[in-house]
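**Student:**
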Amino acid sequence: MADLRIYNVVILGLGFLFIFTAFTTCGNIEQTIVKSLDNDTFTGSGYHSLGIIYGIFSFSNLLAPTVVAIIGPQFTMFFSGILYSGYVAVFITPSTWSFYFTSVLIGIGAAMLWTAQGHFLVENSDASTINRNTGMFWALLQCSMLFGNLYIYFDWNGRIIISDRSRKTIFIGLLVTSVLGTLSFLALRKTLPTEEEMLNEEEGQPLLSSRMMYKQRANSAVQDAKSEFKTILQLLKTKTILLLSCCMAYSGLELSFYSGVYGTCIGATTEFGAAAKGLIGISGIVVGIGEIVGGGVFGLVCKNNRFRRTSVVFLGMVVHFVAFYLIYLNIPDDAPVVLKTSTLNKPYLTPSISIALLCSFLLGLGDSCFNTQLYSILGRVYAEQSAPAFAIFKFIQSIFAAVAFFYSGYLLLTWQLLIMVILGFTGTLCFFMVERIQNFSVDLQQEY
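FYI, the numbering for the sequence shown is 1015 to 1462, going by our numbering.
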């Protein structure tokens, strides 16, 4: 049984590795791809597409648990993988309507995929193996930022214009990768029979009425969803969630910046010359390295230490603010908003590739600081209501990521950085207040 569970976790991780190698690479380069299209009928925006994805994802999280409960996590992940593959396939022969339509579908698919992943991981773990299995899964997932971006670097390095042939080759490769990840979910194995199946076996009956069983599951899932929604509404009124919502919102803004905007800015910087497009891939890899380093150090070393949580969040704020200042000095102000051409404005410094990649690392490192500690404090404060608390986190984060993607194509870089500085400082201050409240509560409990 233990070997089967390890097998399932590894296959689950590999499936996500393949799918997100395709999707994260796609998200990193899609605005650059859209700008390079030699197609007058295509009017889509990569920023708007990503905004739609995160917006739909945030609301679909409310319905996803019901779907997973009815059809099961394995087939939910398989179906979601098909939607991810469809989104990648659109870039082979792009059209505006299919681009935005699949953006809606992948937003729904993402909510179902991540809900099913959590459900399946718990099914294949116990109290003694959950940390190991989670670590194995996340290690495989984080590698998705490396392989696709590495290919982009080698293929795009030295290119000024991304040709149709190059685009099709890249996205056919990404499509095959995504399909392989989707098919791998079919290799997952059931570890334990369901309660209904055990009852039927004891009674010596086959599944008398699959229809009745699914109806029972559906009714139970709907009741659970209603109960969880009520809990979410109650938690939204608490002081802790209201304070943490600023930090959650900031995590959404910086998520959109490092995952879709910053790579586009590097690719549009005139001073980087023929190396600019290839640097998009290297930037994505370096962001991934920052995430892996931060997740490993702050997620494991500082686990369950409430005094260190504030230190890690403060470090994350400082790291990000340093990155924002260097980006402000190093990247032209019009980099996020130029369309067919490269940048026209001049930054304060002569753009440096070394500084640009250092900022990529700092963005990934800072993001891991905020995310690991948000997960940590939510898991501690809401140990008995963890699912609704994490649902609120993903909802707020996704909403603000969607908003940021929508304004990214219109606001100059300076204003985008200023918005993140203001919300980042406010979010860090609010996180400190929550820690102070929790420490005060613990001290009171110890006195009495």
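Even for Gly, the Cβ is constructed at its ideal location relative to N, Cα and C.
(1) Thinking C-alpha only, which one of 1058, 1102 and 1311 is nearest residue 1383?
(2) So is the beta-carbon of residue 1237 under 8 Å away from any non-hydrogen atom of the ligand MN?
(3) How about residue 1291 and residue 1174: do their beta carbons lie closer than 9 Å?
(4) What does a CB cutoff of less than 7 Å around residue 1017 pick up in its chain, not counting 5 residues either side in sequence?
(5) Can you give me the C-alpha to C-alpha distance between residue 1330 and residue 1381, rounded to a whole angstrom?
(6) For the alpha helix (DSSP H) containing residue 1419, name the first residue and the last one.
(7) Just verifying my parser: in three-state terms, what is the DSSP assignment at residue 1087?
(8) So residue 1044 and residue 1060 are in contact, right, with Cβ under 8 Å, and what is the actual spacing, rounded?
(9) For residue 1212, name the three-state secondary structure that DSSP assigns.
(10) On the criterion of 16 or more Cβ atoms from any shown chain inside 10 Å, does residue 1136 qualify as buried, or is it exposed?
(11) State yes or no: is the C-beta of residue 1341 within less than 9 Å of the C-beta of residue 1279?
(12) If distances are taken between C-alpha atoms only, which option among 1284, 1165 and 1046 comes closest to residue 1186?
(13) My guess is that residue 1276 and residue 1377 are in contact by the Cβ rule of under 8 Å, so how many angstroms apart are they, rounded?
(14) Please report how far the alpha carbon of residue 1270 lies from the alpha carbon of residue 1395, in whole angstroms.
(15) Please determine, among 1088, 1180 and 1162, the residue with the shortest C-alpha to C-alpha distance to residue 1296.
(16) Taking contact to mean at least 3 C-beta pairs separated by less than 8 Å, is the stretch 1057-1071 in contact with the stretch 1190-1204?
(17) If you count every other CB in all the chains shown that lies within 10 Å of the CB of residue 1379, and 16 or more means buried, which is it?
(18) Give every residue of the same chain whose Cβ lies closer than 8 Å to the Cβ of residue 1358, excluding the five residues on either side of it in the sequence, and list them in chain order.
(19) State the Cα-Cα distance for the pair residue 1397 and residue 1449, rounded to the nearest angstrom.
(20) What is the residue span of the alpha helix (DSSP H) that residue 1290 lies within?
(21) Counting beta carbon pairs with one atom in the stretch 1251-1258 and one in the stretch 1414-1434, are three or more of them shorter than 8 Å?
(22) Cβ of residue 1302 within 9 Å of Cβ of residue 1158?
(23) In terms of residue numbering, what span does the alpha helix (DSSP H) encompassing residue 1135 cover?
(24) Taking buried to mean at least 16 other C-beta atoms within 10 Å of its own C-beta, is residue 1109 buried or exposed?
(25) In three-state DSSP terms, what is residue 1058?
(26) Assign residue 1175 to one of three DSSP states: helix, strand, or coil.
(27) Please return the same chain residues whose Cβ sits closer than 8 Å to the Cβ of residue 1031, not counting the five positions on each side in sequence.
(28) Classify residue 1287: buried if its beta carbon has 16 or more other beta carbons within 10 angstroms, exposed otherwise.
(29) Measure the beta-carbon distance from residue 1327 to residue 1442 and round it to whole angstroms, keeping in mind my assumption that it falls under 8 Å.
(30) Suppose the cutoff is 7 Å on Cβ atoms and the five residues either side in sequence are ignored; what does the same chain contact list for residue 1123 look like?
(31) Please report how far the alpha carbon of residue 1373 lies from the alpha carbon of residue 1085, in whole angstroms.
(32) Find out if the Cβ-Cβ distance for the pair residue 1034, residue 1101 is shorter than 9 Å.
(33) Give me the Cβ distance between residue 1103 and residue 1266, rounded to the nearest whole Å; I'm assuming they're in contact under 8 Å.
(34) Keeping to the same chain, check which residues put their C-beta closer than 7 Å to that of residue 1199; ignore five residues upstream and five downstream.
**Tutor:** Taking the definition as stated:
(1) 1311
(2) With respect to the ligand MN, the structure offers nothing, as it holds no ligand at all.
(3) yes
(4) none
(5) 7 Å
(6) 1400-1422
(7) helix
(8) 4 Å
(9) Unreliable positioning characterises residue 1212 in this predicted model, as indicated by a pLDDT of 48, which lies under 50. The coordinate reading is nonetheless provided below. In the structure shown, residue 1212 sits in a helix (DSSP, three-state: H, G or I).
(10) exposed
(11) yes
(12) 1165
(13) 7 Å
(14) 27 Å
(15) 1162
(16) no
(17) buried
(18) 1284, 1346, 1348 and 1352
(19) 16 Å
(20) 1290-1310
(21) no
(22) yes
(23) 1110-1137
(24) exposed
(25) coil
(26) coil
(27) 1154, 1155, 1157, 1158 and 1195
(28) exposed
(29) 6 Å
(30) 1094, 1097 and 1098
(31) 43 Å
(32) no
(33) Not confirmed; about 27 Å, so no contact.
(34) 1029, 1088, 1091, 1092 and 1095
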